[in-house]
Structure formats: C-alpha cells, structure tokens
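Residue numbers (the working numbering): 633 to 1177.
Heads up, the thing below is written out as structure tokens.
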C-alpha cells in the first residue's frame, strides 16, 4: 500500500514536472544574467564554480537586490509592526478586553517571527528577490518544537506547483537532495531504501533525490487529532526505490507562494526580469561591443609594410626597434586609426539601464532621495503616487503570501499553547480574527486622504482672514490625529482621548486654584473692611453734652 502511494506521488510529480519544462529554460536564461547564484534550473553545477560568465553589465544583477529591499521596506519592514489584528464586528473591535487580547497576540507574533533563530528577515528577502527575478517566490513556515517558528526560502528550481479551482496554490511538490547521512538523520536509517542504506557505510555523502508532497487531505476525518484529521496531507518519498519514508499532515499550508503577476492559464508568475529580459540581453551585447571598440581605440592594430615585418618588433615601453624608419625618416609601422562613436553607445546603454531600473522599481524609490527638500504636501503627493503604482503588484503579496503566512504562524503558536486565553466574547464569535495591514505601502495608499486634508487647510486659511469663524468647522485635534496616523507617527507619541481629558481636567483644576490664590488678597481685604464696618455699626454713637 505504501509503495503504491509512493509510485502515485512520483507519477503526479513527473506530470507536474513535464508541465514546467518550458519555464525552466526561461528561468535559467534569466538567472544567468540577473541572479547567477540561482542558475541551476537546467543541469547541475559543481559547488564553488564561477557563474557570472554571461554577465557583462551588472545593472540587472544590482537592481534585483534593490527590488527585494524595496519590497521589504514597503511590505515587511523589520523596524516596525506592519500589521495588526482586528475583528469584523465594530462593537467587538472596541471592546477593551478583546483589543487587549489582539494586541497581545500581535506582539507575540512579531516576537516569534523576528526571534534570532527564526531567520525570517533574510529568508523573506530571498523570497522577494525570487519574485523579482522569476515572478514566483516561496517561503516555507515550519515549527521548531519547543523553540518557535522557522522560515526557509525555497529555490524555485525545487518547486512544482498546482492551483485549485479559485487560483490558489493548494498542491506543492518539492524535489530536493539529501546525502545518505542526512537522509538517515531525517527519516531514520531503517526506513531508507536498500540503495541508500548501502551508501551509509562506504559513501555517506553520496546524494539522492527526494520528494516532499503537500496537498489537500482528501481522506480527512474531521475531529481526529492525528495527521489524518488535518487539512493538508504530507508525504516524503525517495525517488530511488520509490519508497514512502514519512506520512503526516499540516493544519495549514506550510508553503506560502507569492507571484508578481500571472497570465491566463499559467500557474507560475512572471516578474520584472522577464519583462525586461530583451533589454538585459541587449545591454550585455552593447557592453561587449563598447569594450571591443574601446580596446581597439586604446590599443589599435598596427599597419606594417609586409607580413614578416613585425617578427622582431618590440611593443614594450622604451624598447628599441631598429630598421623601422626609411632613409627619409618616415615610419614603416603605423597605428590603424579607428573611427567610432563610443558616446552614442554609452547613451544607448543609459536608455536600457533606465528601462531595467524602472522595471525593478529602482527609479521609483529614488524620487524622495533626489528631492530631499520637498514640502510636506509635495512629499505626500509623491507617496500617493508611489502607493498607486505599487498597490497592484505589492498588494498581491499581502493577500497571496503574507496573509497565509500569518494564518500559519497563528496556527503553530496556538497548537503550541503560546497564545493567551481568548476572551469569551471572541470565542462566541468563533475566534475569527482579521489582519489589518499597516505597512508603509498601506500608508502610501492612504496618502490621498492626507493630501486632501492639507489642501483643504491651505484653501481655508485665506478665507479665515475674511471670516475667522470659518475655521470653526475643523476638529483640529482629530485632524492632526488623522494626519499622524496617515504618516505613520507611532501611537505612543500621541495622547489618547482619555489622556487628553485627564490633562484638561488637571489644567482646569490648576487654573481654578490659581484664580483662588489670585482672589485671596482681595477677599481678605474685603473681609477686613466688612468686619470694620460691622464694628463701627455696633459701636454706640457718643452722647452730646
């Protein structure tokens, strides 16, 4: 039975591999010119070999990590919290106990995600670079029992994907290699096929191919606490020997796949490098042409009288070459004067470089750097433009990659018993929690609101000079608070409404006390005068004699 299952998984894998064949040559061509470290889609390469032989211009290979940095800075900046948790019910969202619980869970997520052993930041960056180069990136979110979360960026060459009926990746085959020693550590030596067992003694570093298959659990038995009750089934299979090594399951999909854009009837994404691959190839050819032209100009060919004239000719500095002047003192050897326009070639290269940098979003993020003296309104307009341009592609990563990743993290932490007790009100709602993204991308998308506020205030100021009461329409405190939220000002730097009420109450009490102190001398003088008047009134008038 297990062998039949292993054979079926291998057949399904071979079918998925055949459907991906054309992509592999495409990805290989891109990797060789943009990300040579990943140029292992076709054939094999020995460890440590040189892989930059097809790169003559480094524009694309330098733009790719900048694209990854741009994605990270806009979606998952490691210096700030880029999402929070909420619930759909507005009344419940304002419940103090629920808000406190959601804040605690959100903080726990970020602490677990950025723990030293999780490796999230580096692996997420590699996934972003894969999206930029090949259009598809994958992050594997796993659990280190007793230690927390663990993340690993999976090379696209190992992945074979399949979509469900709504276009979500729900079946993943991953083909990878282990040495015989590593396979024994992972699965146990007794589970390995005989071909691998035989290598454990005489060649433990011999490498073999394995398949990890994750797919929906079609035979799921709801309520069972074992892997048979989980939503996704997991199988590890040895290709050699066609043997099932491990069977298990996941409550949530451990592979989170992000795609830049997809075209109809295609499972894998297409990224910026694919869009400008002709420009990348052309730029490399232009660089080679300019190098050859410059070489000929700097070290031009020599013109001589006959084919044997240069045999004793010495090109070294300060060398003596007798016999190469005629009796009239004319040179018998001359340089060939080359005609060329290297400046035109450099201008054409700059055009291609700009197109490549545009595709990788480099020029878009250079705007604020090139114009650091912009006004607040100008900066907000730039942010608005940036948000509009980035929303279609970067926003997809939130729904397709980051959302499933957060659900997976919550599932792991809940199963490990690391989440605080859920409030009863939230339990009655079924524990349904929603993700509210507050990343720089989302703030840039909200910049339009900030522009509208600032423009309205700028228009209102001249009118207020005519009628000062016109400004009474504005809730100044709420306006400033809204601008602060749009610009991403940390909440801890702003007073909450309750804190403002306390401050106002203290100020009123202080003013009342000051007023009493100020009025005290006058009251004392009045009391003195009143007492004197009463004394005079009570004193009998003197009798006339």
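Ideal Cβ placement from N, Cα and C applies to all residues, glycine included.
Practice item. Confirm, please, whether the CB-CB distance from residue 716 to residue 1043 is below 8 Å. Key: Indexing the chain shown from 1 puts residue 1043 at position 411. Indexing the chain shown from 1 puts residue 716 at position 84. The beta carbons of residue 1043 and residue 716 sit no closer together than 8 Å.
Exercise for review: Quick one: measure Cβ to Cβ for residue 1034 and residue 741, integer angstroms, because I've assumed they're closer than 8 Å.
Suggested key: On the chain shown, residue 1034 is found 402 positions in, with the first residue counted as 1. On the chain shown, residue 741 is found 109 positions in, with the first residue counted as 1. Between residue 1034 and residue 741, the beta carbon gap of about 12 Å keeps them out of contact (Cβ cut-off 8 Å).
Review point. Where do the ends of the alpha helix (DSSP H) carrying residue 815 lie?
Key: In the chain shown, the residue the question calls residue 815 occupies position 183. Looking at the DSSP string, the run of the alpha helix (DSSP H) that includes residue 815 is 812-819.
Point to revise | residue 666, enclosing alpha helix (DSSP H) - first and last residue | key: Start at 1 with the first residue of the chain shown, and residue 666 comes out as number 34. Per DSSP, residue 666 belongs to the alpha helix (DSSP H) from 653-666.
Practice item. Compare the Cα-Cα distances from residue 1046 to each of 744, 699, 649 and 728 and report the closest residue. Key: The residue given as residue 1046 occupies position 414 in the chain shown. Of 744, 699, 649 and 728, the residue nearest in Cα terms is 744.
Exercise for review: Could you tell me if residue 684 is buried or exposed, where buried requires 16 or more neighbouring beta carbons within 10 angstroms of its beta carbon?
Suggested key: Along the chain shown, one-based indexing puts residue 684 at 52. With fewer than 16 Cβ atoms within 10 Å of its Cβ, residue 684 is classed as exposed.
Review point. Can you pull the DSSP bridge partners for residue 966?
Key: Reading the chain shown from its first residue, position 334 is the one you call residue 966. 935.
Review point. Can you give the Cα-Cα distance for residue 979 and residue 805, rounded to whole angstroms?
Key: Taking the first residue of the chain shown as 1, we reach residue 979 at position 347. Taking the first residue of the chain shown as 1, we reach residue 805 at position 173. Rounded to whole angstroms, residue 979 to residue 805 spans 46 Å at the Cα level.
Point to revise | Inter-residue spacing [alpha-carbon to alpha-carbon] between residue 1132 and residue 1108 | key: If you number the chain shown from 1, residue 1132 lands on position 500. If you number the chain shown from 1, residue 1108 lands on position 476. If I take the Cα positions, the gap works out to 14 Å.
**Study point:** Span separating the alpha-carbon of residue 882 from that of residue 858
**Key:** By one-based count along the chain shown, residue 882 stands at place 250. By one-based count along the chain shown, residue 858 stands at place 226. Their backbone Cα atoms lie some 10 Å apart in a straight line.
Practice item. Could you have a look at residue 687 and say whether DSSP puts it in helix, strand or coil? Key: In the chain shown, the residue the question calls residue 687 occupies position 55. DSSP places residue 687 in coil when its eight states are reduced to three.
Check your understanding: residue 692 CB to nearest chain D CB: under 8 Å?
Key -> In the displayed structure, chain D is absent; only one protein chain is listed.
Exercise for review: Count the CB pairs spanning the region 969-984 and the region 882-892 that are closer than 8 Å, and state whether there are at least three.
Suggested key: With contact defined as three or more Cβ pairs closer than 8 Å, the region 969-984 and the region 882-892 are not in contact.
Review point. Pick from 1022, 809 and 686: whose alpha carbon is nearest that of residue 990?
Key: Translated into the one-based positions of the chain shown, residue 990 becomes position 358. The option with the nearest alpha carbon to residue 990 is 1022.
Exercise for review: State buried or exposed for residue 1179, treating a residue as buried only when at least 16 other CB atoms are found within 10 Å of its CB.
Suggested key: What is shown of the chain runs 633 to 1177, which leaves residue 1179 out entirely.
Exercise for review: For residue 715, name the three-state secondary structure that DSSP assigns.
Suggested key: Walking along the chain shown from the start, residue 715 turns up at place 83. Looking at residue 715 - three-state DSSP - the assignment turns out to be strand.
Point to revise | residue 839, DSSP secondary structure in three states | key: As a first step, residue 839 must be located in the chain shown, where it is residue number 207. Looking at residue 839 - three-state DSSP - the assignment turns out to be strand.
Exercise for review: Quick one: grab the DSSP three-state call for residue 1000.
Suggested key: As a position in the chain shown, residue 1000 is number 368, starting the count at 1. Any answer about residue 1000 is weak, because its pLDDT of 49 lies below 50 and its placement is not dependable; what the coordinates show is given next. Of the three classes helix, strand and coil, the one that applies to residue 1000 here is helix, per DSSP.
Review point. So, helix, strand or coil for residue 676, using DSSP?
Key: Counting from 1 along the chain shown, the entry for residue 676 is found at position 44. Here DSSP, grouped into helix, strand and coil, assigns residue 676 to coil.
Exercise for review: Determine contact between the region 790-802 and the region 746-766, defined as no fewer than three beta-carbon pairs at a distance below 8 Å.
Suggested key: At 8 Å Cβ cutoff, the stretches do not touch.
Review point. Of the choices 922, 895, 911 and 1149, whose alpha-carbon is the least far from that of residue 985?
Key: Against the chain shown, residue 985 aligns to sequence position 353. Ranking the options by Cα distance to residue 985, first place goes to 911.
Practice item. Report the rounded CA-to-CA distance for residue 873 versus residue 1073, giving the unit in angstroms. Key: For the purposes of this step, residue 873 is taken as residue 241 along the chain shown, with counting starting at 1. For the purposes of this step, residue 1073 is taken as residue 441 along the chain shown, with counting starting at 1. Answer to the nearest angstrom: the Cα atoms are 49 Å apart.
Review point. So, using beta-carbon positions, are residue 637 and residue 1061 closer together than 8 Å?
Key: Taking the chain shown and counting its residues from 1, one reaches residue 637 at position 5. Taking the chain shown and counting its residues from 1, one reaches residue 1061 at position 429. With respect to the 8 Å criterion, residue 637 and residue 1061 are not classified as neighbours on the basis of their beta carbons.
Point to revise | N-terminal and C-terminal residue of the alpha helix (DSSP H) that residue 754 is part of | key: In the chain shown, the residue the question calls residue 754 occupies position 122. Following the DSSP letters along the chain, one finds residue 754 inside the alpha helix (DSSP H) bounded by residues 752-766.
Exercise for review: Note down the Cα distance separating residue 914 from residue 982, rounded to an integer number of angstroms.
Suggested key: In the chain shown, the residue the question calls residue 914 occupies position 282. In the chain shown, the residue the question calls residue 982 occupies position 350. Rounded to whole angstroms, residue 914 to residue 982 spans 12 Å at the Cα level.
Check your understanding: So residue 810 packs on residue 839, CB below 8 Å; how close in whole Å?
Key -> In the chain shown, the residue the question calls residue 810 occupies position 178. In the chain shown, the residue the question calls residue 839 occupies position 207. Yes, they are in contact, since the Cβ atoms of residue 810 and residue 839 sit about 7 Å apart, within 8 Å.
Check your understanding: With which residues is residue 795 paired in a DSSP beta bridge?
Key -> Position 163 of the chain shown holds residue 795. Answer is 801, bridged to residue 795.
Point to revise | DSSP state of residue 848 mapped onto helix, strand, coil | key: Here residue 848 corresponds to residue number 216 of the chain shown, with the count starting at 1. Strand at residue 848.
Check your understanding: Roughly how many whole angstroms lie between the Cα atoms of residue 973 and residue 992?
Key -> Position 341 of the chain shown holds residue 973. Position 360 of the chain shown holds residue 992. Cα to Cα, the separation comes out at about 30 Å.
Point to revise | the region 684-703 contacting the region 651-669, beta-carbon criterion three pairs below 8 Å | key: Between the region 684-703 and the region 651-669, the count of C-beta pairs closer than 8 Å reaches three or more; the two stretches touch.
Exercise for review: State the beta-bridge partners of residue 781 as determined by DSSP.
Suggested key: Here residue 781 is taken as the residue at index 149 of the chain shown, counted from 1. Under DSSP, residue 781 forms a beta bridge with 775.
Check your understanding: On the three-pair Cβ rule with 8 Å, is the region 1047-1054 touching the region 748-757?
Key -> Taking 8 Å as the limit for Cβ pairs, the verdict is that the region 748-757 does not touch the region 1047-1054.
Practice item. Let me know if residue 785 comes out buried or exposed under the rule of 16 or more other beta-carbons within 10 Å of its beta-carbon. Key: For the purposes of this step, residue 785 is taken as residue 153 along the chain shown, with counting starting at 1. Looking at its Cβ environment, which holds 16 or more other Cβ atoms inside 10 Å, residue 785 is buried.
Practice item. Less than 8 Å between the CB atoms is what I'm expecting for residue 1093 and residue 695, so what's the real figure, rounded? Key: Residue mapping note: residue 1093 aligns to position 461 of the chain shown, counting from 1. Residue mapping note: residue 695 aligns to position 63 of the chain shown, counting from 1. About 44 Å separates the CB atoms of residue 1093 and residue 695; that is not less than 8 Å, and the two are not in contact.
Check your understanding: Quick one: what does DSSP say residue 870 is sitting in, helix, strand or coil?
Key -> Walking along the chain shown from the start, residue 870 turns up at place 238. DSSP places residue 870 in strand when its eight states are reduced to three.
Check your understanding: Near residue 829, what residues of its chain come up, given a Cβ to Cβ distance below 6 Å and the 5 sequence neighbours on each side ignored?
Key -> The sequence position of residue 829 within the chain shown is 197, counting from 1. Around residue 829: no qualifying Cβ.
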